[in-house]
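Novice: Listed in order, the protein sequences are those of chains A and B. If you use the UniProt record's numbering, the first sequence closes out at 342, no skipped numbers anywhere. If you use the UniProt record's numbering, the second sequence closes out at 342, no skipped numbers anywhere. Beta carbons: idealized from backbone N, C-alpha and C, even for Gly.
Protein chains: 2
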Amino acid sequence: MTQSKQQKITLANRPKGMPTKEDFKFVESEVPTPNGQEILVRTLYLSVDPYMRGRMQDTKSYIAPFELNKPITGGVVAEVVESKSDSFKKGDVVVGNIDWAEYTVVTEKEIRVIDPKVAPVTTHLGILGMTGLTAYFGLLDIGKPKEGETVVVSGAAGAVGSAVGQIAKIKGAKVVGIAGSDEKLEYLTKELGFDGAVNYKKDSFVDDLKKAVPDGVDVYFDNVGGDVTDAVFTLLNTNARIPLCGAISSYNAEGKDVGPRLQSAMIKTSATMKGFTVGNYASRFKEGATDLGKWLQEGKLKYEETIIEGFENTPDAFLGLFKGTNLGKQLVKVAEPMFAQL
Amino acid sequence: MTQSKQQKITLANRPKGMPTKEDFKFVESEVPTPNGQEILVRTLYLSVDPYMRGRMQDTKSYIAPFELNKPITGGVVAEVVESKSDSFKKGDVVVGNIDWAEYTVVTEKEIRVIDPKVAPVTTHLGILGMTGLTAYFGLLDIGKPKEGETVVVSGAAGAVGSAVGQIAKIKGAKVVGIAGSDEKLEYLTKELGFDGAVNYKKDSFVDDLKKAVPDGVDVYFDNVGGDVTDAVFTLLNTNARIPLCGAISSYNAEGKDVGPRLQSAMIKTSATMKGFTVGNYASRFKEGATDLGKWLQEGKLKYEETIIEGFENTPDAFLGLFKGTNLGKQLVKVAEPMFAQL
Chain A
1 MTQSKQQKIT LANRPKGMPT KEDFKFVESE VPTPNGQEIL VRTLYLSVDP YMRGRMQDTK
61 SYIAPFELNK PITGGVVAEV VESKSDSFKK GDVVVGNIDW AEYTVVTEKE IRVIDPKVAP
121 VTTHLGILGM TGLTAYFGLL DIGKPKEGET VVVSGAAGAV GSAVGQIAKI KGAKVVGIAG
181 SDEKLEYLTK ELGFDGAVNY KKDSFVDDLK KAVPDGVDVY FDNVGGDVTD AVFTLLNTNA
241 RIPLCGAISS YNAEGKDVGP RLQSAMIKTS ATMKGFTVGN YASRFKEGAT DLGKWLQEGK
301 LKYEETIIEG FENTPDAFLG LFKGTNLGKQ LVKVAEPMFA QL
Chain B
1 MTQSKQQKIT LANRPKGMPT KEDFKFVESE VPTPNGQEIL VRTLYLSVDP YMRGRMQDTK
61 SYIAPFELNK PITGGVVAEV VESKSDSFKK GDVVVGNIDW AEYTVVTEKE IRVIDPKVAP
121 VTTHLGILGM TGLTAYFGLL DIGKPKEGET VVVSGAAGAV GSAVGQIAKI KGAKVVGIAG
181 SDEKLEYLTK ELGFDGAVNY KKDSFVDDLK KAVPDGVDVY FDNVGGDVTD AVFTLLNTNA
241 RIPLCGAISS YNAEGKDVGP RLQSAMIKTS ATMKGFTVGN YASRFKEGAT DLGKWLQEGK
301 LKYEETIIEG FENTPDAFLG LFKGTNLGKQ LVKVAEPMFA QL
């Protein structure tokens with residue numbers, strides 16, 4: 001062991017509205033010791049994701065809320081420091097959904113080994129991890145884009161959105177992304193090959209969107225909700241499909257989040273809207289990971305990462321998600337490996 | 001011919017908000033004469049339906065708007081008065097989607113013969129017609145209720161809603177209806193065998209609904225939208241299905257129809273909401289009609305009709321739909337048959 005004390009991040013408050021740094025508390029503790037068949041891991045990268053905002057509230061959902069004064073948990077890439085399990089050895093690089101901590105003791109079931117030679121380890125928190133699988137299953141299982149159809153994706157320059165658009169292109173659809181800066185629009189059309197991109201922060205957004213989808217909208221992959229979604233709803237084609245992945249525009253709403261009711265538009269178009277979380281597809285992760293890995297190797301799937309250095313900057317990285325400061329997957333680099341070869 | 005003049009009802013105005021009698025105009029004309037292979041029919045019963053409110057507006061939808069100063073069209077049971085077609089003969093009872101008129105000349109494709117001996121002819125405008133098929137396909141194809149699941153239906157004492165609840169019972173589900181009077185609640189539970197019924201006009205509605213569905217809501221068949229739907233959305237179970245059939249609460253809204261955004265609840269529950277119209281299932285009508293006819297004969301499916309007498313009262317019958325004055329299917333009896341045996 002190289003150090004005996006470590007930091008964890010716990011949930012200090014359940015935020016009302018936009019979270020602040022004060023909602024997170026850094027707590028010092030002893031580096032724990034593995035017992036039985038446990039494994040001690042050291043965090044290298046951690047993932048901050050919009051869905052975590054929901055877990056900060058004490059409300060019933062598909063996933064239990066974070067507990068007050070307990071460590072926040074999320075996607076982590078770590079190296080094995082000490083193993084009492086036959087399945088893991090010192091220096092293994094692993095991924096799992098574990099504590100926001102510099103060191104964590106985990107059970108065998110909480111982590112799995114990843115191979116740093118196949119793809120950069122950070123991809124397992126992004127395009128080859130839950131992010132990529134979210135895009136893959138939401139788009140293909142619910143959106144079911146057909147060749148020549150028009151797919152619109154909101155939050156298009158984010159980690160999920162950028163994967164959605166590229167997978168839709170692979171399937172032969174016409175893809176229009178909605179994002180919040182000209183830099184992001186350029187990234188979508190120039191780097192990722194989107195057919196169009198529209199800036200929702202411009203006054204001309206509604207008109208711009210209409211012009212960008214002359215044939216209407218067959219699939220709307222929704223990451224944001226709110227006004228952006230209202231605009232897309234006026235352009236739905238008959239039998240439109242709407243995978244509901246996120247509603248980041250509402251996560252920090254303090255009052256009631258109200259808007260035009262959508263039902264009449266859905267009846268008129270026989271549209272289907274389906275909420276989902278990637279966990280629904282756990283039994284098919286292998287299928288998704290295989291396709292995503294193949295497309296990545298073939299160069300058909302690009303990804304971007306925004307990496308903040310330093311465990312102490314984790315709250316800032318998380319808060320940045322709601323300001324749209326990230327391009328692609330937002331990660332925190334917590335440490336350089338000591339035992340693993342990346 | 002027994003008369004040479006007849007009345008038609010045309011659309012005089014596109015109403016803003018709640019329609020009034022002044023939006024309909026009675027126009028006298030000659031009784032028309034069939035040419036070629038046409039058929040002259042005499043209206044016996046006509047159907048008034050909430051969806052027609054949408055056709056009074058000049059907006060893009062799944063069905064073309066009614067034209068100003070042209071006859072309104074809808075479901076009609078009529079008798080053949082004069083036929084130039086080999087497929088129809090004087091005295092045949094037919095059903096079709098034709099003009100609101102005492103007499104109409106139609107083509108062979110616009111009508112089909114029905115057998116008055118199998119079931120009362122009015123059932124072809126209700127439980128054995130578009131109404132029953134709407135309930136059948138919306139519930140079974142989108143709602144997919146499983147044995148033991150809880151199905152909630154709004155507008156439950158209406159023509160579609162009462163069929164939905166009974167079909168859900170046939171499929172072994174627990175059924176709770178939402179309606180607007182104690183008389184209707186009693187009809188649902190005592191006559192139709194619903195497991196529960198809740199009055200949305202009571203101050204205690206939200207609590208009453210919660211108590212009525214202790215296991216949450218697996219299927220919500222929505223005929224009304226608005227506040228009623230908002231209340232049901234707080235009670236959705238994981239993987240809930242929501243066939244969107246109508247949104248009668250909003251049809252006459254003058255301002256923007258706004259309410260709480262539903263997306264977050266749908267993501268949390270992985271719920272599926274799908275708008276539909278019965279026309280989507282045209283290729284499967286025979287399947288639906290066969291099942292409905294069988295259940296009707298077996299006494300498993302009951303229906304109620306509210307019949308207003310007199311063609312001149314058609315606008316009142318239509319307007320009553322929005323006040324909830326009807327129990328079951330609202331029909332207008334236009335005339336006694338002269339040639340047909342009912």
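Tell me A:Asp99's beta-bridge partners as DSSP assigns them.
Specialist: In DSSP, A:Asp99 forms a bridge with A:Thr73.
Novice: According to DSSP, is A:Tyr251 helix, strand or coil?
Specialist: A:Tyr251 falls in the coil class under three-state DSSP.
Novice: According to the neighbour-count rule (16 or more other Cβ atoms, all chains shown, within 10 Å of its Cβ), is B:Asn326 buried or exposed?
Specialist: So B:Asn326 ends up on the buried side.
Novice: Consult DSSP for A:Ile63 and reduce its assignment to one of helix, strand or coil.
Specialist: Looking at A:Ile63 - three-state DSSP - the assignment turns out to be coil, as it is neither helix nor strand.
Novice: Does the beta carbon of A:Gly324 come closer than 9 angstroms to any beta carbon on chain B?
Specialist: Not one chain B Cβ lies under 9 angstroms of A:Gly324.
Novice: Any beta-carbon of chain B closer than 9 angstroms to the one on A:Ser270?
Specialist: So yes, A:Ser270 belongs to the interface.
Novice: Quick one: is B:Val32 near chain A, going by C-beta distance under 9 angstroms?
Specialist: The identity of residue 32 of chain B in the sequence shown is Pro, whereas the question assumes Val. False, the Cβ-Cβ gap to chain A never drops below 9 angstroms.
Novice: Any beta carbon from chain A within less than 9 angstroms of B:Asp182's own beta carbon?
Specialist: Judged by the 9 angstroms Cβ criterion, B:Asp182 is not in contact with chain A.
Novice: Let me confirm a value: B:Ile308 is counted as buried when at least 16 other C-beta atoms fall within 10 Å, else exposed. Which label applies?
Specialist: So B:Ile308 ends up on the buried side.
Novice: Listed from N- to C-terminal order along the chain, which residues in the region 283–309 of chain B have their beta-carbon within a distance smaller than 7 angstroms of any beta-carbon of chain A?
Specialist: So nothing in the stretch comes that close.
Novice: Does chain A have any CB closer than 9 angstroms to the CB of B:Met273?
Specialist: Yes, contact with chain A.
Novice: What runs of the alpha helix (DSSP H), each 4 residues or longer, lie entirely inside the region 8–70 of chain A?
Specialist: Runs found: 52–55.
Novice: Pairing CB atoms from the region 12–31 of chain A with CB atoms from the region 56–64 of chain A, are three or more of them under 8 angstroms?
Specialist: Contact holds: three or more Cβ-Cβ distances are below 8 angstroms.
Novice: Buried or exposed: which applies to B:Met338, given that a residue is buried once 16 or more other Cβ atoms fall within 10 Å of its Cβ?
Specialist: The residue in question, B:Met338, is exposed, as its Cβ has fewer than 16 Cβ neighbours within 10 Å.
Novice: With H, G and I counted as helix, E and B as strand and the rest as coil, what does DSSP make of A:Gln297?
Specialist: Helix at A:Gln297.
Novice: Could you say if the region 240–247 of chain A and the region 137–156 of chain A meet the contact criterion of at least three C-beta pairs nearer than 8 angstroms?
Specialist: The region 240–247 of chain A, when compared against the region 137–156 of chain A, does touch it at the 8 angstroms Cβ threshold.
Novice: Could you run through the region 58–75 of chain A and flag, in chain order, every residue whose CB is less than 7 angstroms away from some CB of chain B?
Specialist: Taking 7 angstroms as the Cβ-Cβ cut-off against chain B, the residues of the region 58–75 of chain A that qualify are Ser61, Tyr62.
Novice: Roughly how far, in whole angstroms, is the beta-carbon of B:Lys174 from the beta-carbon of B:Asp195, given that I think they are within contact range, below 8 angstroms?
Specialist: That pair is a contact at about 5 angstroms.
Novice: Report the rounded CA-to-CA distance for A:Leu319 versus A:Trp295, giving the unit in angstroms.
Specialist: If I take the Cα positions, the gap works out to 31 angstroms.
Novice: At the level of alpha carbons, what is the spacing between A:Val164 and B:Thr229?
Specialist: Going from the Cα of A:Val164 to the Cα of B:Thr229 covers about 31 angstroms.
Novice: If I'm right that A:Val106 touches A:Glu38 with Cβ under 8 angstroms, what's the distance once you round it to whole angstroms?
Specialist: Confirmed, Cβ separation roughly 7 angstroms.
Novice: Figure out for me which residue from A:Val334, A:Ser181, A:Glu28, A:Gln297 has the closest Cα to the Cα of A:Thr314.
Specialist: For the residues A:Val334, A:Ser181, A:Glu28, A:Gln297, the minimum Cα distance to A:Thr314 belongs to A:Val334.
Novice: Would you mind telling me which residues of chain B sit closer than 7 angstroms to A:Ala264, beta carbon to beta carbon, in chain order?
Specialist: In the sequence as presented, Ala is not what sits at residue 264 of chain A; that position holds Ser. Simply Ala247, Ser250.
Novice: In the region 252–278 of chain A, which residue ranges form an unbroken alpha helix (DSSP H) of at least 4 residues, counting only runs that do not cross its ends?
Specialist: Qualifying alpha helix (DSSP H) stretches, in chain order: 263–269.
Novice: What's the gap between the Cα of B:Asn280 and the Cα of A:Ser154?
Specialist: So the two alpha carbons sit approximately 29 angstroms from each other.
Novice: Would A:Asn35 be called buried (16 or more neighbouring beta carbons within 10 Å of its own) or exposed?
Specialist: So A:Asn35 ends up on the exposed side.
Novice: Just to check my reading of the structure: A:Leu128 and A:Gly293 have Cβ atoms closer than 8 angstroms, yes? What is that Cβ distance to the nearest angstrom?
Specialist: At roughly 6 angstroms, the Cβ-Cβ gap stays under 8 angstroms, so A:Leu128 and A:Gly293 are in contact.
Novice: Against B:Leu244, what residues of chain A qualify as contacts under a CB-to-CB distance less than 7 angstroms, listed in chain order?
Specialist: Those within 7 angstroms of B:Leu244 in chain A are Gln263, Met266, Ile267.
Novice: Taking a contact to mean a Cβ-Cβ separation below 9 angstroms, would you say A:Val219 touches A:Ile178 in this structure?
Specialist: It is not a contact, given that the beta carbons lie outside the stated cut-off.
Novice: Using 8 angstroms as the cut-off, classify the Cβ of A:Gly17 as near or not near the heavy atoms of the ligand MG, replying yes or no.
Specialist: By its list of ligands, the structure shown contains no ligand whatsoever, and the ligand MG lies outside what it can speak to.
Novice: In the DSSP assignment, the beta strand (DSSP E) including B:Ile242 goes from what residue to what residue?
Specialist: Note, B:Ile242: beta strand (DSSP E), 236–244.
Novice: Can you say whether A:Gln166 is buried or exposed, counting buried as having 16 or more other CB atoms within 10 angstroms of its CB?
Specialist: Result: buried.
Novice: What does the Cβ neighbour count give for A:Gln297, buried or exposed, with the cut at 16 atoms within 10 Å?
Specialist: Exposed.
Novice: Give the C-beta separation of A:Pro71 and A:Thr20 to the nearest angstrom, bearing in mind that I take them to be a contact with Cβ-Cβ under 8 angstroms.
Specialist: The Cβ separation is near 19 angstroms, so there is no contact.
Novice: Assign B:Asp49 to one of two classes, buried (16 or more other C-beta atoms within 10 Å of its C-beta) or exposed (fewer than that).
Specialist: By the neighbour-count rule (16 or more Cβ atoms within 10 Å), B:Asp49 is buried.
Novice: I need the DSSP call for B:Asn223, collapsed to helix, strand or coil.
Specialist: Looking at B:Asn223 - three-state DSSP - the assignment turns out to be coil, as it is neither helix nor strand.
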